Amino acid sequence: MRSNVLAASPVLRFAPSPNGPLHLGHAYSALCNERVAADLNGRLLLRIEDLDRTRCKPRYEAAIEDDLAWLGLRFETPPRRQSDHAADYIAALDGLAARGLLYPCFCSRAEVARTAKGRDPDGAPLYSGACRTVSASEAAARIAGGEKRASRLDMARAIERAPSRLVWSEFGEGSTSVEQAAEPERWGDVILSGRDLVASYHLAVTVDDALQGVTDVVRGRDLLAATSVHRQLQALLGLPSPRYRHHRLVLGPDGAKLSKRRQSPSLTKLRACGVSPAAIRAALGFGCDDSGGLAVALS
Ligand code: GLU
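Under this note's numbering, the first residue of the sequence shown carries the number 8, and numbering increases by one thereafter.
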């Protein structure tokens with residue numbers, strides 16, 4: 008697969024998942040994208056990462072577009088909606104499968120947890136590789152019998168196939184980069200396609216960044232470690248590697264990063280309470296208006 012765009016000018020993207028309302032952490036990420044796009048005179052795209060059909064809802068997607076417009080953010084239209092592009096992910100998966108880099112995994116979440124070989128960089132159970140040795144005939148019989156399976160990347164084999172030292176350019180929030188070494192082995196045999204998911208986040212984000220010609224990925228530090236997997240997939244799929252700019256995260260009053268799961272106050276709620284877009288921009292360090300008492304910590 009090849010990127011269809013060799014960008015003449017930088018291309019950035021904000022890529023929210025419509026699985027809940029946006030909070031100040033998303034606003035910070037979107038505003039960082041806007042700032043870098045302006046500094047580089049680049050294009051700004053929106054991508055709706057809605058492959059997880061059980062968690063993503065159209066009403067959240069509508070709210071995302073509404074909140075971003077309210078904040079004064081302008082993206083090129085239309086946004087790329089991942090659920091419209093299954094064929095792109097399937098093509099990438101087929102290519103990897105044809106090279107013997109994928110295997111079906113029948114393990115349930117509970118089995119993965121019970122047999123884990125430690126933890127991945129996100130703290131999730133590290134897959135033991137139990138299904139790597141299931142024979143092709145047994146796998147075919149189980150699939151024919153209707154057993155659900157995920158597709159996992161055989162990471163050891165993948166590392167053998169890609170150049171020995173993979174790196175990416177990491178800018179953080181600054182203007183100079185460091186060469187960051189990828190450590191895909193820390194993630195083990197990641198899932199690239201789920202039981203009920205056409206493509207996992209790792210696969211879809213790698214394919215989309217290439218197809219959209221993204222040159223600069225601006226996103227939170229919580230995704231820094233995952234970049235090792237994305238870099239490995241780029242090498243396997245022959246895709247260019249964007250520059251990465253992992254930014255600080257917005258913390259809640261308890262010092263933990265904001266998240267939808269922790270019910271962090273949504274932009275919609277702040278708006279309903281009379282907080283202005285200018286105050287949100289100011290509180291997050293963008294613009295010199297008064298933040299109206301809205302205080303935000305970043306780390
Ligand atoms: N969809 C991801 C999220 O909402 C962001 C993915 C990315 O920026 O790479 O956390």
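Even glycine gets a Cβ: it sits at the ideal position worked out from N, Cα and C.
Only a predicted model underlies this, so the values are computations on that prediction, with no experimental measurement involved.
What are the boundary residues of the beta strand (DSSP E) that residue i is part of?
i	result
W175	V174 to E177
E186	V185 to A188
L80	Looking at the DSSP string, L80 is not in any beta strand (DSSP E), and its letter there is neither H nor E.
S144	Element bounds for S144: not the beta strand (DSSP E) but the alpha helix (DSSP H), A143 to A151.
S200	I198 to S200
Terminal residues of the continuous alpha helix (DSSP H) containing residue i?
i	result
V43	L31 to L47
R380	Not covered by the structure: residue 380. The range shown for the chain is 8 to 306.
S24	From DSSP, S24 is part of no alpha helix (DSSP H); its letter is neither H nor E.
S235	T234 to L244
E167	M162 to R168
V212	Y208 to L218
L277	L274 to A279
G102	A93 to A105
R288	P284 to A290
Would you kindly check if the distance between the Cβ of residue j and the Cβ of residue i is under 8 Å?
i	j	result
S184	E177	yes
W175	S248	yes
L301	H30	no
S158	P111	yes
A312	L78	Since the displayed the chain opens at 8 and closes at 306, residue 312 lies outside it and no answer follows.
V225	N40	yes
T222	V18	yes
L53	F21	yes
R228	R250	no
D296	A285	yes
V257	V197	no
A44	L51	yes
P28	S273	yes
E180	R121	no
E83	A211	no
L109	L199	yes
Starting from the Cα of residue i, find the closest Cα among the options and give me that residue.
i	options	result
G152	A22, G299, F113 and E167	F113
H237	A165, L274 and R50	A165
D161	S171, V43, A137 and P128	A137
A163	E180, H209, L243 and S144	L243
A69	P86, L108 and L258	P86
L204	G220, P28, Y96 and R252	Y96
C63	R42, L38, P23 and G32	P23
S306	D261, G294, P272 and I287	D261
R202	I55, R42, D59 and S16	D59
P170	F82, Q239 and G181	Q239
E190	L173, S182 and R66	L173
Q241	R288, R168, S271 and S298	R168
G281	A15, R116 and G299	G299
H209	Q187, S182 and A99	A99
R42	A117, E186, S182 and K124	S182
G107	P128, A117 and R139	R139
K155	R116, G125, G220 and G259	R116
L80	S16, V119, S36 and P65	S36
Which partner residues does residue i have in the DSSP bridge list?
i	result
R226	H253
C112	A157
V18	R50
R121	Answer is none; R121 lacks a bridge partner.
R126	P132
R87	R54
A137	A137 is not bridged to any residue.
K6	Absent from the structure is residue 6, since the part of the chain shown begins at 8 and ends at 306.
A304	L258
L204	G201
Considering only heavy atoms of the ligand SAM, does any lie closer than 7 Å to the CB of residue i?
i	result
A22	With respect to the ligand SAM, the structure shown offers nothing to examine, as its ligands consist of the ligand GLU.
With 8 Å as the threshold, decide whether the Cβ of residue i is near any Cβ in chain B.
i	result
T234	Included in the structure is just one protein chain, with no chain B present.
The region 91-104 in contact with the region 225-233 per 3-pair CB rule at 8 Å: no
Contact the region 98-108 vs the region 72-85: 3+ CB pairs below 8 Å: no
The region 208-217 contacting the region 123-141, beta-carbon criterion three pairs below 8 Å: no
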